[in-house]
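One line per chain: the protein sequences are A and B, in this order.
Position 39 (the first sequence) corresponds to 39 in the numbering used here; numbering is contiguous.
Adding 1000 to a residue's 1-based position in the second sequence gives its number in the numbering used here.
For each residue, glycine too, the CB sits at the ideal point set by N, CA and C.
Presented below is the structure to which this report refers.
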Amino acid sequence: MTEHESQQGCLDPVAEHLADPAQRLDIARLGVWLFLSTEVLFFGVLFLGFTLYRRSYPDEFVAASNHLNLWLGGFNTLVLLTSSLFVALAVLGADRGDRRGSTRYLAATLALGLVFLAIKAFEWHQEYQEHLVPGLNFALPGTDAGWAAHEQLFFCLYFIMTGVHAFHMIAGSGVLAWLILRGWRGHGPLSQTESIRIESTALYWHFVDIVWIFLLPLLYLTGFN
Amino acid sequence: MKSSLLLWIYLVLVILLGCTIGMALLPLGVVIKPLAGLLVAGVKGGLIVLFFMQLRYHHGTLRLFAAAGAFCLFLLFLLIATDYLTRLWS
């Protein structure tokens, strides 16, 4: 329990299998963390696969990584870090039952999430124009077939990892939009149910941020030499 | 938990991001550079988990659940590494 939970605006009726509202909050948190643990393994396998192929084909992976735009990747990290700050502030507001403040921070989070996705889409478009998309138009003129195949492997992993990450961002943005809509429509202080929804979404959002924080050095810093 | 603390943590995260980008520009070599980048990423992730996700203020079962994913990931990497790092590639 954080210090603000005792100041919760208004409480919903508690289901009969729960002792009190605090227990409901604990269970909700536990459920989200359990979900995030499975997500760690979901992304973990991709990180593992990348690491193994990076070890098998070090030169090709470095060369392939040099095609990526470090500046766009870095700026996107800044965007996500800032969105994490805003969603953490939204949770702080929700703990106090502050509907307006919390909803505003959620809106700022969503806006930054959309900025991230727009930049990512621009980056993918650039890579498409450079003929780097496996299965669509991958071509590396001037390299032999074996080398090109291994660079293509890097881009397969790159598009799967950033694509799955972007899918998580889109899902999170959808939930944020729903929360914002409900926040604006509602009146008075936030109920405990609403507060739990905001906190659960925030935990998920932070997790997606952390995944990107690890993707940045793995994908972008492999090259750039 | 105060918003000023969140802002301080955010500031540290941005400085660490600056370190990551700065490292990318330094001639550190193809092995050290991503490893150092991942180390900084670990620090960033830790700060987010502890402060933004408020794990610092929770105990017991919740920390256990949070650690479960990381532990399984560690096992996954460890067991695969026992194969790949001991196999002699031609």
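Assigned exposure category for residue i - 16 Cβ within 10 Å defines buried
| i | result |
| --- | --- |
| Thr-1082/B | exposed |
| Trp-1008/B | exposed |
| Ala-15/A | exposed |
| His-168/A | buried |
| Pro-1034/B | buried |
| Ala-130/A | The sequence given here has Glu at residue 130/A, not Ala. Exposed, since its Cβ has fewer than 16 Cβ neighbours within 10 Å. |
| Ala-139/A | exposed |
| Lys-1002/B | exposed |
| Thr-38/A | exposed |
| Pro-217/A | buried |
| Leu-1078/B | exposed |
| Phe-116/A | buried |
| Leu-1075/B | exposed |
| Ile-213/A | buried |
| Asp-144/A | exposed |
| Thr-1086/B | exposed |
| Tyr-220/A | buried |
Collapsed DSSP secondary structure at residue i in the structure displayed
| i | result |
| --- | --- |
| His-1059/B | coil |
| Thr-1082/B | helix |
| Lys-1002/B | coil |
| Arg-197/A | helix |
| Leu-1010/B | Correcting the residue identity first, residue 1010/B is Tyr in this sequence and not Leu. DSSP places Tyr-1010/B in helix when its eight states are reduced to three. |
| Arg-1087/B | coil |
| Asp-20/A | coil |
| Pro-1034/B | helix |
| Pro-1027/B | coil |
| Thr-1020/B | helix |
| Thr-222/A | coil |
| His-206/A | helix |
| Val-133/A | coil |
| Gln-1054/B | coil |
| His-67/A | coil |
| Ala-15/A | coil |
| Gly-174/A | helix |
| Pro-58/A | helix |
| Thr-143/A | coil |
| Phe-138/A | coil |
| Gly-1046/B | helix |
| Gly-186/A | coil |
| Phe-1077/B | helix |
*Contact between the region 85 to 93 of chain A and the region 202 to 209 of chain A: three or more CB pairs below 8 angstroms?*
yes
_Extract the residue ranges of the beta strand (DSSP E) inside the region 70 to 131 of chain A, only unbroken runs of 3 or more that lie entirely within it._
none
*Are the region 168 to 188 of chain A and the region 49 to 64 of chain A touching, with three or more C-beta to C-beta distances below 8 angstroms?*
no
*Stretch pair the region 1040 to 1055 of chain B + the region 1013 to 1026 of chain B: three plus CB contacts closer than 8 angstroms*: yes
_For the structure I just gave you, are there three or more beta carbon pairs, one from the region 25 to 38 of chain A and one from the region 1056 to 1065 of chain B, closer than 8 angstroms?_
yes
*For the region 99 to 112 of chain A against the region 73 to 83 of chain A, are there 3 or more C-beta pairs whose distance is under 8 angstroms?*
yes
*Kindly confirm or deny that the region 94 to 106 of chain A and the region 187 to 202 of chain A touch, where touching means at least three C-beta pairs closer than 8 angstroms.*
yes
*For the region 61 to 73 of chain A and the region 150 to 161 of chain A, state whether three or more C-beta atom pairs, one from each stretch, are separated by less than 8 angstroms.*
yes
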